[in-house]
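Everything below concerns the one structure shown next.
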Amino acid sequence: MMGVFHDLENYGHEQVTFFHDKETGLKAIIGVHSTVLGPSLGGCRMWKYTDEQAALRDVLRLSRGMTYKAAVAGLKLGGGKAVVMADARTEKTPELLAAFGRAVESLHGKYITAEDVGMSVEDIDTIRKYTKHAVGGSNEGGSGDPSVMTAFGVFQGIKAAVKHAGMGTSLEGIKVAIQGVGHVGYHLASYLSAAGAKLIISDIYPAQIEKVVQEFGAVAVEPDQIYGAAADIFAPCALGAILNQRTIPQLKCKIVAGSANNQLEVDSDGFDLFNRGIVYAPDYAINSGGLINVAAELDGYNHERVLDKVSKVYNTIADILERSKEENIPPHQAADRLAEQRLVAAKMLKADVKETVCR
Ligand code: NAD
8 MMGVFHDLEN YGHEQVTFFH DKETGLKAII GVHSTVLGPS LGGCRMWKYT
58 DEQAALRDVL RLSRGMTYKA AVAGLKLGGG KAVVMADART EKTPELLAAF
108 GRAVESLHGK YITAEDVGMS VEDIDTIRKY TKHAVGGSNE GGSGDPSVMT
158 AFGVFQGIKA AVKHAGMGTS LEGIKVAIQG VGHVGYHLAS YLSAAGAKLI
208 ISDIYPAQIE KVVQEFGAVA VEPDQIYGAA ADIFAPCALG AILNQRTIPQ
258 LKCKIVAGSA NNQLEVDSDG FDLFNRGIVY APDYAINSGG LINVAAELDG
308 YNHERVLDKV SKVYNTIADI LERSKEENIP PHQAADRLAE QRLVAAKMLK
358 ADVKETVCR
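Under the numbering used here, the first residue of the sequence shown is numbered 8, with each subsequent residue one higher.
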C-alpha cells in the first residue's frame with residue numbers, strides 16, 4: 008500500500024500489523040502506537056471503511072490517541088487500537104470475531120483489545136474464547152459496559168472546570184447542554200440532574216430524548232440548536248469534530264466538557280476557544296473513565312477502586328486547566344504536554360534500567 012511507511016513515521020508507531028483471513032473474510036489492522044508505559048490497550052472498531060487507506064489512517068490516529076489518554080490518566084498502559092473492515096450490522100459473524108480473536112492472540116499481549124464502535128460486550132465475550140488479551144466482557148472479573156464510568160469521569164471533570172472558571176463548587180442551577188443522550192450522555196444527565204443542574208438536550212433519536220425529558224426534566228432542542236443554547240456548559244457526547252469554525256461562533260457557554268472523542272476539528276479550533284475565553288476540558292483527558300474501568304480488569308476488577316480512580320479525573324482536569332493558565336497555552340496543548348512529559352520520563356527510566364542491567 009502506498010505511503011504506509013510515511014504514515015508510520017508521521018504518527019510514530021512501534022508496530023502496525025495487517026491481518027487477512029480468507030475463510031472468514033477478516034480484514035483487520037492492529038496499530039500498536041506505544042508500549043513505553045505498558046502493553047497497548049484500546050478498543051476494536053468495526054466499520055465499513057470506504058477504502059484501506061481510510062482504515063489505516065483511522066487505526067493510526069486512534070491508537071496514538073490511546074497512548075496520550077493512558078498517559079494522562081496515569082495508567083501503566085500504552086496505546087493501541089484495532090479496526091475490522093466490515094459492516095457491524097450485516098457482516099459480523101462468530102467466525103469473523105473468532106478470526107479477530109486469533110489475530111489479537113498472535114501478538115502475545117502486546118495489544119489488548121476492548122469494545123469500540125460496532126462492538127458490544129457480547130462480542131468481547133466471543134473474542135475472549137480465542138484470546139486472553141481482551142477486556143470489557145461480561146465474564147467474572149469482566150468490567151462490562153464502560154459508559155457509566157466514562158460519564159462519572161466527565162461529571163468529575165465538569166466540576167473541576169466549573170471551579171476553574173470561577174463559577175463556584177456547586178452545580179445547583181448550572182445549565183448544561185448535552186449533545187447526544189446515548190450511553191454516556193444518559194448517565195451524565197443522571198449525575199448532573201442529581202447535582203441540581205438544569206439540562207438542555209439534543210439527539211437524533213426521539214426515544215432517547217423522551218427518556219431523558221421524562222426522567223430528568225430536561226428541555227429538548229433540535230440537533231442544530233444545541234450549539235447556541237443558553238447554557239453555562241456545552242457537553243458534546245455524540246460525534247467528533249463538532250468544535251469547528253461553523254459551531255464555535257454559535258457557543259454562548261463558558262465551558263466545553265463532554266465525552267465525545269476528537270472534538271476539535273483541527274488544532275486551531277482549540278486556540279479559537281482559548282482566545283474566546285471558553286474553558287475547554289480536553290476530550291481524551293475527561294473521557295478516560297471508560298479506559299480506567301477496563302484497565303482495572305488487568306489487576307483484578309474492584310468497583311470501589313475504580314470509582315476512586317475515576318473520581319481523580321477531577322484532579323487531572325484541574326491540573327491541565329491550571330497549567331493552561333500558567334503557561335498561557337490552550338488546554339488541549341497543556342494535556343499533550345502532560346502526556347509527553349510522562350512518556351519521556353518513562354522512556355528515560357527504561358533506558359536507565361537497561362543500562363544498569365547491561366553493566
Ligand atoms: P452512543 O452511540 O450510545 O450515543 C451517542 C448518541 O448521540 C446517540 O444517542 C445518537 O443518537 C446521538 N447522536 C448522533 N448524532 C447526533 C447529532 N448530530 N446530534 C445529537 N445527537 C446525536 O455512544 P456513547 O457510547 O454514548 O459515546 C458517546 C461519545 O463518547 C462518542 O464520541 C464516543 O466515542 C465517546 N466515548 C465513549 C465512551 C464510552 O464509554 N462509551 C468512552 C470514551 C469516549
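Just so it is clear, CB atoms sit at the ideal spot from N, CA and C, and this is done for glycine as well.
Classified as buried, R52 has 16 or more neighbouring CB atoms from the shown chains inside 10 Å of its CB. With a 10 Å radius around the Cβ and a threshold of 16 neighbouring Cβ atoms, G144 comes out buried. DSSP places A167 in the helix class (H, G or I) of the three-state scheme. In this structure the region 301–313 does not lie against the region 189–197, because fewer than three pairs of beta carbons, one per stretch, are closer than 8 Å. Put simply, of K259, G160, L280 the residue whose alpha carbon is nearest the alpha carbon of G297 is G160. The region 72–79 makes no contact with the region 96–116; the number of CB pairs closer than 8 Å stays below 3. At a threshold of 7 Å, A302 does not count as near ligand 1, since its beta carbon sits no closer than that to any of the ligand's heavy atoms.
When rounded, the separation of the alpha-carbon atoms in Q348 and E30 is 45 Å. Put simply, of F223, K182, G265 the residue whose alpha carbon is nearest the alpha carbon of A236 is K182. DSSP places Y287 in the strand class (E or B) of the three-state scheme.
In the three-state reduction of the DSSP assignment, A196 falls in the helix class, which pools H, G and I. The C-beta distance from G38 to K88 rounds to 5 Å, short enough to fall under 8 Å.
When distances are taken from the beta-carbon of Q186 to the heavy atoms of ligand 1, the shortest one is below 7 Å. Out of S127, G164, T133, L44, the CA that lies nearest to the CA of A106 is found in T133.
In terms of Cα proximity to F278, the closest of D239, V313, P338, A248 is P338. Between the region 122–140 and the region 256–265 there are fewer than three inter-stretch CB-CB distances shorter than 8 Å, so the stretches are not counted as touching. Short note on G297: C-beta closer than 7 Å to some heavy atom of ligand 1. If you look at K332, you'll find it in the alpha helix (DSSP H) that goes 320–334. The Cβ neighbour count for S154, taken over all protein chains shown within 10 Å, is at least 16; the residue is labelled buried.
Residue pairing for F26: DSSP places it in a beta bridge opposite A35.
The way I'd put it, the region 325–333 doesn't touch the region 15–23; fewer than three beta-carbon pairs between them come closer than 8 Å. If only complete runs of 3 or more residues are kept, the region 84–139 shows the beta strand (DSSP E) at 85–92, 118–122, in order along the chain. For Q186, the uninterrupted beta strand (DSSP E) segment begins and ends at 182–186.
If you draw a straight line from the Cα of G149 to the Cα of N294, it comes to about 20 Å. Judged by DSSP in its simplified three-state form, I240 adopts strand. Apart from sequence neighbours up to five positions away, the residues of its chain that approach H140 with a beta-carbon distance below 6 Å are V111, G116, I119, ordered along the chain.
Contact between C244 and Q186 is confirmed by a C-beta separation of about 6 Å, below the 8 Å threshold.
Approximately 5 Å separates the beta-carbon atoms of A184 and F241; this is inside 8 Å, confirming the contact. Of S113, I255, E147, the smallest CA-CA separation from F25 is found for S113.
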